[in-house]
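For the record, the sequence lines run as chains A and B.
With this note's numbering, you'll find the first sequence wraps up at 182, consecutive numbering, no jumps.
With this note's numbering, you'll find the second sequence wraps up at 370, consecutive numbering, no jumps.
Note that CB positions come from ideal geometry on N, CA and C, so glycine has one too.
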Amino acid sequence: MDADRMGRSLARIAHEIVERNAAALNELALVGIRTRGVPIARRLAHTIRDVSRHDIPTGALDITLYRDDLMRHAVGPQPVIKKTEIPFSIDDKRILLVDDVLYTGRTIRAALDALIDFGRPRAIQLIVLVDRGHRELPIKADYVGKNLPTSLSQSVQVHLLEIDGRDEVEVHDASA
Amino acid sequence: MKKDLLGIADLTADDIHLVLDTAEAMREVGQRPIKKVPTLRGKTVVNLFYEPSTRTRTSFEIAEKRLSADTLNIAVAASSVLKGETLADTAMNIEAMAPDMIVMRHASSGAPYLLARICKSRIINAGDGMHEHPTQALLDAFTIRERKGRIEGLKVAIVGDLLHSRVLRSNVLLLTKLGADVWASGPQTLVPPFLDALAVHVTTDADEAVRDADVVMLLRIQHERMTGAFVPSLREYFNTFGMTSARVANAKPDVIIMHPGPMNRGVEIASDVADGPFSVILEQVANGVAVRMAVLYLLAGGTEGD
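Structure below.
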């Protein structure tokens with residue numbers, strides 16, 4: 007997926023969000039999962055403002071403290087924790103949870119637990135740029151940029167302008 | 065990071081920054097409506113305190129509970145030690161119950177090192193005799209970094225009972241590792257010889273230490289550890305070293321005043337300074353919880369050596 011396709015996918019998702027939530031745009035809030043869900047959430051907020059004249063509050067969520075594999079590995083240092091910044095109440099909001107890649111679903115499970123510790127949203131919808139399959143939990147995205155069938159031995163890397171200096175999605179084979 | 069946190073001496077500058085950065089994220093947890101995350105669920109932490117402590121023990125306990133650990137407080141009164149059990153035996157008994165971490169305070173310098181050699185559990189030193197108090201130095205650094213944006217290049221004056229202070233040693237080690245300009249001041253009778261080996265300016269003139277300081281850190285006059293006559297009287301100590309508004313006026317206009325507690329008002333610090341606009345003493349206490357959460361989290365995982 008190149009920069010052009012990524013831009014079009016995100017624009018389409020922004021339009022879908024506005025369409026499906028037309029009656030409740032003022033209840034929407036975007037929460038990006040660190041690291042790469044955050045810039046994607048900001049871009050969506052930007053496009054939604056252009057399309058609908060609505061400012062959607064945007065936050066950042068670090069799910070490290072909620073991971074289910076955190077204390078299972080006896081080897082290696084702990085993952086670095088970054089700050090969670092949700093500068094608004096999520097009570098009764100329709101939360102649009104944003105991540106770059108949907109894979110096993112475990113990150114989303116952790117994010118749901120984390121979000122619910124912040125309050126009681128009216129609903130949570132899931133947005134992902136890439137769905138690569140291989141779910142291990144019963145989780146499904148509401149908005150998908152691209153379905154990308156992969157094998158378990160492959161890895162999917164999302165590069166974003168804000169973090170990596172370019173917009174691109176790459177699939178690598180483990181052997182490469 | 066290593067398996068245990070026994071002293072600042074064992075940490076690199078990178079380790080210190082990792083703890084402070086992690087503490088930033090942990091502080092946010094304390095501002096949520098539900099101040100608890102499931103990170104240490106199923107882990108047992110024993111708080112083993114051989115010396116009385118309110119602030120440090122409470123701070124550790126809150127930190128442990130916010131990370132969902134199961135906590136157990138053992139306050140070992142001097143009398144039960146007199147029953148005859150050695151520290152090593154106590155340690156082996158606790159180890160037999162397989163806790164994941166032990167937070168220990170002891171009146172003897174080096175006691176946590178003995179524990180760390182015997183136990184597989186992670187050991188966190190919560191103050192050992194006159195040796196180190198690493199989490200205090202880390203929370204002090206966190207407070208300074210938050211207020212000043214950096215630690216490198218700041219003039220930090222530490223004034224008080226230098227000899228009996230584990231807070232001094234940990235702070236000097238940490239602040240010099242991060243490039244601060246550290247000054248220590250106290251009566252000649254209370255200057256420990258180890259300071260000569262460190263990059264610290266030592267002076268018996270409190271005003272020289274405080275002049276143009278960015279940070280003034282006071283140390284308690286520790287009556288309970290003083291077996292000799294170190295100062296003629298507390299009144300005279302206050303006149304020579306006590307932090308009054310007049311002394312503070314010589315520091316930088318945006319100086320911060322710190323104290324690890326418990327304070328002796330009218331001895332090392334005047335009441336109006338302790339409660340005044342430059343004081344960050346209660347911020348230190350608040351930051352202590354976030355810093356201890358960071359330490360517990362970082363030690364709970366694997367280590368480079370595993």
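For residue i, which option in the options has the closest C-alpha, if you only look at C-alpha atoms?
i        : options                                   : result
Lys146/A : Val107/A, Asp8/A and Leu16/A              : Val107/A
Ala41/B  : Glu272/B, Lys67/B and Ala160/B            : Because chain B spans 65 through 370 in this model, residue 41/B falls outside it and cannot be assessed.
Ile333/B : Ser309/B, Glu347/B and Pro317/B           : Ser309/B
Thr90/A  : Leu71/A, Gly139/A and Leu102/A            : Leu71/A
Ile158/B : Ala133/B, Lys147/B, His228/B and Ile187/B : Ile187/B
Thr156/A : Asn27/A, Ile114/A and Gly139/A            : Gly139/A
Arg105/B : Leu70/B, Pro163/B, Phe258/B and Leu259/B  : Pro163/B
Ser95/A  : Val104/A, Gly65/A, Leu50/A and Arg55/A    : Gly65/A
Thr86/B  : Leu203/B, Lys99/B, Ser123/B and Val167/B  : Leu203/B
Val140/B : Pro256/B, Ala160/B and Met168/B           : Met168/B
Lys152/A : Thr113/A, Glu168/A and Asp105/A           : Asp105/A
Ile215/B : Val223/B, Phe206/B and Ile222/B           : Phe206/B
Arg119/B : Arg130/B, Gln200/B, Ala89/B and Met90/B   : Gln200/B
Leu102/A : Asp137/A, Thr41/A, Leu118/A and Gly171/A  : Leu118/A
Ile169/A : Arg11/A, Val24/A, Ala20/A and Pro45/A     : Pro45/A
Gly325/B : Gly352/B, Val101/B, Val274/B and Asp318/B : Gly352/B
Spell out whether any CB of chain B is found under 9 angstroms from the CB atom of residue i.
i        : result
Ala119/A : First, the residue type needs correcting, since residue 119/A is Asp and not Ala in the sequence shown. Judged by the 9 angstroms Cβ criterion, Asp119/A is in contact with chain B.
Val86/A  : yes
Thr6/A   : Outside the modelled stretch of chain A, which goes from 7 to 182, sits residue 6/A, for which no answer is possible.
Asp68/A  : yes
Met12/A  : no
Can you name the residues of chain A whose CB is closer than 9 angstroms to the CB of residue i?
i        : result
Gly340/B : The contacting residues do not exist; Gly340/B stays about 31 angstroms from chain A at best.
Helix, strand or coil for residue i, going by three-state DSSP, please let me know.
i        : result
Ser249/B : strand
Glu115/B : coil
Lys129/B : helix
Leu34/A  : strand
Thr154/B : helix
Ala180/B : helix
Gly13/A  : helix
Glu216/B : coil
Met194/B : coil
Gly369/B : With a pLDDT of only 44 at Gly369/B, under 50, the local geometry of the prediction cannot be trusted, and no value is derived from it.
Asn153/A : strand
Asn27/A  : coil
Asn303/B : helix
Leu202/B : helix
Arg169/B : strand
Glu142/A : coil
Ile46/A  : helix
Asp170/A : helix
Less than 9 angstroms between CB atoms is the rule here; does residue i satisfy it with respect to chain A?
i        : result
Asn351/B : no
Asp134/B : no
Glu368/B : Note on Glu368/B: pLDDT 46, under 50, position unreliable in the model; the coordinate value appears next. For Glu368/B, the answer is yes, since a Cβ of chain A falls inside 9 angstroms of its Cβ.
Lys107/B : yes
Met281/B : no
Val260/B : Checking the sequence shown, residue 260/B turns out to be Asp, not Val. No - not a single Cβ of chain A is within 9 angstroms of the one on Asp260/B.
Asp68/B  : no
Asp78/B  : no
Gly62/B  : For chain B, the structure presents residues 65 to 370; residue 62/B sits outside this window and is missing.
Asp85/B  : yes
Leu227/B : no
Leu131/B : yes
Leu82/B  : yes
By the criterion of Cβ-Cβ separation under 8 angstroms, what are the contact partners of residue i in chain B?
i        : result
Pro127/A : Those within 8 angstroms of Pro127/A in chain B number zero; the least Cβ separation is about 13 angstroms.
Could you name the residues of chain A that residue i contacts, counting a contact when the two beta carbons are closer than 7 angstroms?
i        : result
Val101/B : Leu71 and Tyr72
Leu362/B : Gln84
Glu88/B  : Lys89
Glu92/B  : Lys89 and Thr90
Strictly below 8 angstroms CB to CB, what residues from chain A border residue i?
i        : result
Ile98/B  : Asp123 and Phe124
Met65/B  : Pro83
Gly148/B : Under the 8 angstroms cutoff, chain A gives no residues; its nearest Cβ is about 37 angstroms from Gly148/B.
Please list the partners that residue i has in chain B, where partner means a Cβ-to-Cβ separation under 7 angstroms.
i       : result
Leu76/A : Thr103
Any heavy atom of the ligand ATP closer than 8 angstroms to the CB of residue i?
i        : result
Val107/A : In the structure shown, the ligand ATP is absent, as is every other ligand, since no ligand is present at all.
Exercise. Considering only residues of the segment 52 to 124 of chain A, which uninterrupted beta strand (DSSP E) runs meet the minimum length of 3 residues and lie entirely inside it, listed in chain order?
Worked result: 64 to 67 and 100 to 108
Exercise. Which ranges does the beta strand (DSSP E) cover as unbroken runs of at least 3 residues, wholly within the segment 316 to 361 of chain B, from first to last along the chain?
Worked result: 320 to 322
Problem set entry | Every unbroken beta strand (DSSP E) within the segment 254 to 280 of chain B, with a cutoff of 3 residues, ordered by chain | 264 to 267
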